[in-house]
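Right, one structure below, let's go through it.
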Amino acid sequence: MIAMIAKDVSCLLRYVGSDVHDITVRFQVIRRLKRTYLLTMDYLSFCRGVLIGGLMGDCYGFLYEGKPAVNYSTPLELLQRSINGFDTKQLMYSDDTQMSLAILRSLRARNSFDAEHLAKEFTTDYFENGSHRCYGGSVGRTFYSLKMMNYKDPYAHAADLFNGTGSYGNGGAMRIAPAALYGLRYSKREFEKIIIDVTRLTHTHPLAICGALLQAYAIQMIFSLIHDHIQLDYVTFIDNLLEKLEKTEYFVNFKQPNWLEALDAYKEKLQIVKYLLIDDKQPSVTNIVDRLGNDLKAINSVPSALYVFLRSLKPIDGIEFDSPPLRSIVLSIGLGGDTDTIGCMATALAGGYIGIPNDSNSTIPRNIITLCESYEEIEEYASWLSNRLQIR
15 MIAMIAKDVS
25 CLLRYVGSDV
35 HDITVRFQVI
45 RRLKRTYLLT
55 MDYLSFCRGV
65 LIGGLMGDCY
75 GFLYEGKPAV
85 NYSTPLELLQ
95 RSINGFDTKQ
105 LMYSDDTQMS
115 LAILRSLRAR
125 NSFDAEHLAK
135 EFTTDYFENG
145 SHRCYGGSVG
155 RTFYSLKMMN
165 YKDPYAHAAD
175 LFNGTGSYGN
185 GGAMRIAPAA
195 LYGLRYSKRE
205 FEKIIIDVTR
215 LTHTHPLAIC
225 GALLQAYAIQ
235 MIFSLIHDHI
245 QLDYVTFIDN
255 LLEKLEKTEY
265 FVNFKQPNWL
275 EALDAYKEKL
285 QIVKYLLIDD
295 KQPSVTNIVD
305 RLGNDLKAIN
315 SVPSALYVFL
325 RSLKPIDGIE
335 FDSPPLRSIV
345 LSIGLGGDTD
355 TIGCMATALA
365 GGYIGIPNDS
375 NSTIPRNIIT
385 LCESYEEIEE
395 YASWLSNRLQ
405 IR
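The numbering of the sequence shown is our numbering, which starts it at 15 and goes up by one.
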């Protein structure tokens, strides 16, 4: 990297006609180029970390979806066999990644968020390639209605579900990472809008929307911490998450009882996350599941994923890996229940936090990634997002 900077310094100095012996000019140019290279590395490593992390958590977690709590030794053995090359069978992704890929395709094709276009992408994937992806039960009705109405008024169909209350599942949060990455340079309102509008195509209940916002805000905050070289503190991170949620202005209304109830429910769950991280440093799996949940409701999985991510940043008894994303995969599977979605959300955050560079410096063995279905497509989208973010 130093050699690249030196070469570019020489080129730039010649270009601007500067005296190469002017020390002040030389240092200014070097500092500018260093910032450019660091920013490039941050974006690419971060985007790869979030997207590949989500894919790994989904694919490895999908093997155990719906099972009760799993002993850590089971996913540990699976990952170790993958690392050593003993397992070569491709791991299939679930609806989490399928819907994330639809978001990526739509954003790229339209160069912005287009609700009707994304609704069509979701629906096409569901009917053409969804039978084995384990979609949630209510989403099929939404996609059928969208198709029958030729994707007009795309938000109305999900809003009509469950007598007009909408779905409170985790289907919005599980797929929100691409939208969060796409909106990293957006204003506060623009960011809120893309996150909520992507979510409410299928999920309109306040619990579902707040869950998606928390996952998106976590991605946004992790990038800021990395970019500004600030160490993550559990309490500050959780408090800032809740503050961002409370200050959301687009679409939500925390003065209404249903929205206030959702906000209070997440406040309560995130206080439990704090307790489990700080006061009860080695809680049993049973205690974690009893207090946070592990099912497909957003309120019972988004806080769990946040806990798994934060807990993975430090060593965990019984999980020998040093890498936070690998720890998060094992811990997510260990909780049982909706393992693919909790794993997808938690490992996206862990991957983003440490970054997954496309070189030998990565803490993730390459075999872990290449066993995941469509990993090359995910890697290409990460590069596209990184390039896009750098030129805005």
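All residues carry an ideal CB built from backbone N, CA and C; glycine is no exception.
Contact between the segment 114–123 and the segment 149–159 is absent: fewer than three C-beta pairs spanning the two stretches fall below 8 Å. DSSP places Tyr-107 in no alpha helix (DSSP H); its state is neither H nor E. Straight-line spacing of the CA atoms in Val-316 and Ser-376 works out to 27 Å. The alpha-carbon separation between Tyr-165 and Arg-124 amounts to approximately 16 Å. Note: Lys-311 is bridge-paired with Gly-183 in the DSSP secondary-structure output. In this structure the segment 384–396 touches the segment 56–72; the number of beta carbon pairs closer than 8 Å is three or more. In this model, Gln-94 and Asp-101 are separated by some 9 Å (Cα to Cα). Contact between Gln-229 and Met-359 holds, with the beta-carbon distance rounding to 6 Å and staying under 8 Å. If you draw a straight line from the Cα of Arg-341 to the Cα of Leu-195, it comes to about 23 Å. Between the alpha carbons of Ser-318 and Ser-108 lies a distance of about 19 Å. Boundaries of the alpha helix (DSSP H) around Arg-305: 299–306. Between Ile-302 and Leu-349, the CB-CB gap stays under 8 Å. Put simply, of Gly-63, Leu-198, Ala-173 and Ile-343 the residue whose alpha carbon is nearest the alpha carbon of Ile-405 is Leu-198. The beta carbons of Ser-181 and His-217 sit closer together than 8 Å.
If you check the CB distance, Thr-355 and Met-188 come in under 8 Å. Non-local C-beta neighbours of Arg-214 in its own chain, meaning closer than 7 Å and more than five positions away in sequence, comprise Tyr-169, Ala-172 and Ile-223, ordered along the chain. Secondary structure remark: continuous beta strand (DSSP E) runs of at least 3 residues inside the segment 202–268: none found.
A distance below 8 Å between beta-carbons, with the five flanking residues on each side excluded, links Ser-326 to the following residues of its chain, in chain order: Pro-338, Pro-339, Arg-341, Ser-342, Leu-345, Ala-360 and Ala-364.
When DSSP assignments are scanned along the segment 316–361, the uninterrupted stretches of alpha helix (DSSP H) that are 4 or more residues long and fall wholly within it turn out to be 316–326 and 338–349.
Tyr-289 counts as exposed, since fewer than 16 other beta carbons sit within 10 angstroms of its beta carbon.
In the same chain as Ile-208, and ignoring 5 residues on each side of it, the C-beta atoms closer than 6 Å to its own belong to Phe-127, Ala-193 and Gly-197, in chain order. For Phe-335, the CB contacts under 6 Å within the same chain, skipping 5 residues up- and downstream, are Arg-341 in chain order. As DSSP reads the structure, Cys-148 sits in no beta bridge. Relative to Gly-67, the option among Arg-380, Arg-402 and Leu-90 whose CA is nearest is Arg-380. In the pairwise beta carbon analysis, the segment 366–373 is classified as touching the segment 236–243: at least three pairs are separated by under 8 Å. For Ile-392, the enclosing alpha helix (DSSP H) covers residues 389–405. About 5 Å separates the beta carbons of Leu-284 and Ile-252, which is inside the 8 Å limit, making them a contact pair. The beta carbon of Asp-294 is closer than 8 Å to those of Asn-301 in its chain, skipping five residues each way along the sequence. In this structure, the beta-carbon distance from Val-299 to Ala-83 falls below 8 Å. Take the alpha-carbon of Glu-91 and the one of Phe-76: they are about 16 Å apart. In this structure, Leu-121 sits away from Ser-400, with a CB-CB distance that is not shorter than 8 Å.
Non-local beta-carbon contacts of Pro-297 in its own chain, meaning distances under 7 Å to residues more than five positions away in sequence, involve Leu-290 in chain order. According to DSSP, residue pairing for Cys-73 in a beta bridge does not occur. Scanning its chain for C-beta atoms nearer than 7 Å, with the 5 sequence neighbours on each side dropped, one finds around Ala-232 the residues Leu-255, Leu-320 and Leu-363, in chain order.
When only Cα atoms are considered, Tyr-140 and Phe-157 end up about 8 Å apart. Around the Cβ of Gly-80, a 10 Å sphere holds fewer than 16 other Cβ atoms; the residue is exposed.
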